[in-house]
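K.L.:
Counting with the working numbering, you get residues 233 to 315 for the letters of the sequence shown.
From the three backbone atoms N, C-alpha and C, an ideal C-beta is built for every residue, glycine too.
Remember, it's a predicted structure, so these values are computed and weren't measured experimentally.
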Amino acid sequence: VIPIPSSKAVMVEKAFNLAAQKLEFNFVTKKFDSISDGRKFLKTQIDGNSSLFYAEIPGGTILLHHVEEKDTFPAQFGREVAF
233 VIPIPSSKAV MVEKAFNLAA QKLEFNFVTK KFDSISDGRK FLKTQIDGNS
283 SLFYAEIPGG TILLHHVEEK DTFPAQFGRE VAF
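(1) In terms of alpha-carbon separation, which member of Asp265, Phe259, Val233, Gly291 lies closest to Ser239?
(2) Can you give me the C-alpha to C-alpha distance between Lys263 and Lys302, rounded to a whole angstrom?
(3) Please classify Ala307 as buried or exposed, where buried requires at least 16 other C-beta atoms within 10 Å of its C-beta.
(4) So who's on the other strand from Ala287, going by DSSP bridges?
(5) Could you tell me the alpha carbon to alpha carbon distance between Gln253 and Leu295, rounded to whole angstroms?
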């Protein structure tokens, strides 16, 4: 978990999307009214057969990427983008 001030939410979301483009993928972006609604959605995305990366952006936005078995995904992706 990397805390992000609400005032930086738009900038952080743009940074994640730019980093995703460089790795040639796009996030599924979902906006929720509450954290609990967002987490319920995430639970529906877990199938036990694949990996996923997600970021919770202040304001209720979730960025989600399903990592296919054949794909390589940087283990420190979130930290690299946030810093």
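P.N.:
Walking through what the data contain:
(1) Counting from 1 along the sequence shown, the entry for residue 239 is found at position 7. Among Asp265, Phe259, Val233, Gly291, the Cα nearest to that of Ser239 belongs to Gly291.
(2) Counting from one through the sequence shown, the residue named residue 263 turns up at place 31. Counting from one through the sequence shown, the residue named residue 302 turns up at place 70. If you take the alpha carbons of Lys263 and Lys302, they lie about 29 angstroms apart.
(3) Position 75 of the sequence shown, counted from the start, is the residue given in the question as residue 307. That one is exposed.
(4) Stepping through the sequence shown from its first residue, residue 287 is reached at position 55. Paired residues: Leu295.
(5) Here residue 253 refers to the residue found at position 21 when the sequence shown is read from its first residue. Here residue 295 refers to the residue found at position 63 when the sequence shown is read from its first residue. Distance between the alpha carbons of Gln253 and Leu295: 13 angstroms.
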